[in-house]
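Following: one structure in structure tokens, then a few remarks.
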Amino acid sequence: MLRHTTTKRSIIRSPLRSIQRTYTTPKKPFVFQPYLPNDNSKYIFPQEKLTPEENQAAIPPRPTFDDISKKVFDIPNPEDVADLVTRLNKTDILISRFSKSRRLFNNSHTVVIKNKEGGDRAGVRQVVFPYLNVANSWTRLFNAQIKPLKDVAATKAGFGVSITKTLKAKLDSVYEKSNDIGEFFREVNALENSRLVLKGKVNPVELAGLITIDNATIYLLNRGDILDDFIELMQLITFIQSNVSMFTNKGLSDVLEKLARVVYNDSTRESDLHVLNDFLKGLIETQRDVSIAKLHPVTLDKLAYILIKEGDLASGFELLKIMIDEMSECPSEKTLAVIFNEYNQQHSGKSIEEMIRELCFLKPAIFHKGVDVNSFPVLLKIVRDLRDFQKLIDLVGDNKVVLDTFQLDIFKRFKQFQDQFSVDEYDSRQTRRLYLTQLIRVFQRKRINLNEETIKHLKNEFTLLKDPVNLTVLNNL
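Numbering (the working numbering) for the sequence shown: 83 to 559.
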């Protein structure tokens, strides 16, 4: 019998041999070949067969838009508009946007443009809002001129220059032996020491015991006999003016603060220290950015008061612009009062537009402090139409003192704007009646009693407007 025998070697196969496979492809792999004409020449697009001239002639002509009307709106920059009483709201935007003319306030209202150095467009212009987004952006920038301010009275100015007891004793001994101000400064070697300090040749440790023009001047201003003697005080101010470049910024700030405090707190010295006017004016012209702009806002407020009180409105306004525009500080009520009182007296002959341009920098201060009996006469004078008048009344708000004190002036000024409507036409009479009645209701809502002069004025108005109903009401008051 034949037996089939299997050896162990034949049963165990190599795993590598078991997974090996052989693949063959009976066909050749496909290779993509672009189509070529039979003549094996390069394909040419139709436009490539044309000459350059033919290609140029095939280009269509550029379209023309000359027959299409172009909309160009010349809108003044809201930051260039001078104003004192207007804050635009959503109602103003809607009225302007939905009006037929799309002008601000929907009438012949114009805005005053600020003067610029070497610029143009100085005058009055109308504002047109072609689109709602333009009106919103313009209003936002216009209202941004009313920036928030801080009360200057809430901050106090301190002195940076200190005088030790040892230094004061030395200055006392020299002052008793000196014949005049110039000799005193020469004896203490103040100018030479100040020159070394400015050059940085003095060790900071040595500054406390060194006599400079800073502490020597403060020492003299602290002496009562100097302040009581007008001649010596004038000599000291003249000396300061001649050597102003020798002061440090802190020293000059302390000197100006001391002078301002003496005049500001003692009204009897205002006439004696008129020499400060030229001195301060020179500092503003030569060292505005170096020294003046770095003064404490309290000092600026007092110096502005002194200058305006002496009649120098331009220099005083320059200091107030630094306070409001650069420091966001509101002038004190005392300074604002003297501004409007002096301005009302000196600029009565100027046009309304000129006054608005000169005073528009005070707009943030007016909105911060509100309208009072000092500012209202000037503001009432510079309103230019019914819209400005309405904004002024809104700005007065619930200030019953102002409305009660100037009620007759308010109705007289209102009549000047009402005169643009004819009393001969029925519609115009109705418009005037409506406006006048609304103004009277403002006083009634605030519970302000009309005086006899105002009632007499209103009777004449309603007689002119042929309104017997309101005449009867006035007669019963």
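All C-beta atoms, glycine included, are put in the ideal place defined by N, C-alpha and C.
Please read these numbers as outputs of a predicted model, since none were measured by experiment.
Cα-Cα separation, residue i to residue j
i    : j    : result
E199 : I406 : In this prediction, E199 scores a pLDDT of 44, lower than 50, which makes its location untrustworthy; the coordinate-derived value is nonetheless stated afterwards. Approximately 21 Å between the Cα atoms of the pair.
K432 : P413 : 24 Å
D480 : D165 : 22 Å
R207 : V344 : 47 Å
V270 : N285 : 19 Å
Y257 : D162 : 55 Å
S178 : S397 : 39 Å
A386 : I366 : 11 Å
I421 : K538 : 33 Å
V483 : P446 : 22 Å
I629 : L461 : Residue numbering for the chain in the displayed model covers 83 to 559; residue 629 lies beyond these limits and cannot be assessed.
N304 : L358 : 17 Å
E288 : D296 : 15 Å
S219 : N197 : 23 Å
E314 : I300 : 14 Å
V555 : T417 : 43 Å
P145 : F224 : 41 Å
Q428 : E436 : 13 Å
I475 : E411 : 25 Å
I374 : V337 : 12 Å
R277 : K232 : 38 Å
T216 : D454 : Checking the displayed sequence, the identity of residue 216 turns out to be Val instead of Thr. Looking at the two C-alpha atoms, the distance is approximately 35 Å.
R203 : N171 : With a pLDDT of only 48 at R203, under 50, the local geometry of the prediction cannot be trusted, and the value read off the model is given with reservation. Approximately 26 Å, taken between the alpha carbons.
P158 : R495 : 28 Å
L518 : Q502 : 14 Å
D549 : D491 : 22 Å
Buried/exposed call for residue i, threshold 16 Cβ in 10 Å
i    : result
N533 : exposed
T88  : No answer about T88 holds up, because its pLDDT of 48 lies below 50 and its placement is not dependable.
S335 : buried
R370 : exposed
A139 : exposed
S255 : exposed
E408 : exposed
D148 : exposed
S190 : exposed
N275 : buried
A226 : exposed
N557 : exposed
K379 : The residue asked about is misnamed: residue 379 is Pro in this sequence, not Lys. Looking at its Cβ environment, which holds 16 or more other Cβ atoms inside 10 Å, P379 is buried.
Bounding residues of the alpha helix (DSSP H) (the contiguous stretch that carries residue i)
i    : result
V284 : Counting along the chain, V284 falls outside any alpha helix (DSSP H), and DSSP gives it neither H nor E.
Q498 : Q489 to Q500
H539 : E534 to L546
F180 : K172 to F180
F321 : F312 to S324
P569 : In the structure as shown, the chain begins at 83 and stops at 559. Residue 569 is therefore absent and cannot be evaluated.
L553 : P550 to N557
Q138 : P134 to A140
G205 : Premise fails: G205 is in no alpha helix (DSSP H) and is neither H nor E.
D262 : Here D262 belongs to no alpha helix (DSSP H), and DSSP marks it neither H nor E.
R144 : From DSSP, R144 is part of no alpha helix (DSSP H); its letter is neither H nor E.
F361 : L358 to T368
D149 : Unbroken run through D149: none, as it is neither H nor E.
I245 : Run containing I245: none; DSSP gives neither H nor E here.
E436 : I434 to L441
Proximity below 8 Å, CB of residue i to CB of residue j
i    : j    : result
V209 : L176 : no
E339 : T381 : yes
I464 : Q489 : no
K384 : F443 : no
T168 : D360 : no
E424 : L395 : yes
K497 : E543 : yes
A272 : A298 : yes
L249 : I293 : yes
R515 : L540 : no
F525 : L485 : yes
A419 : I388 : no
F321 : I263 : yes
R184 : P212 : yes
R439 : V193 : no
According to DSSP, residues forming a beta bridge with residue i
i    : result
I448 : DSSP, once it has assigned bridges, lists no residue as partnering I448.
A164 : V194
D233 : C412
R185 : V210
Residue i: CB within 7 Å of a non-hydrogen atom of the ligand GTP
i    : result
F155 : Annotation note on the ligand GTP: not contained in the displayed structure, which lists no ligands.
Interface flag, residue i vs chain C, CB-CB below 8 Å
i    : result
N171 : Judged by its chain identifiers, the structure shown contains no chain C, having just a single protein chain.
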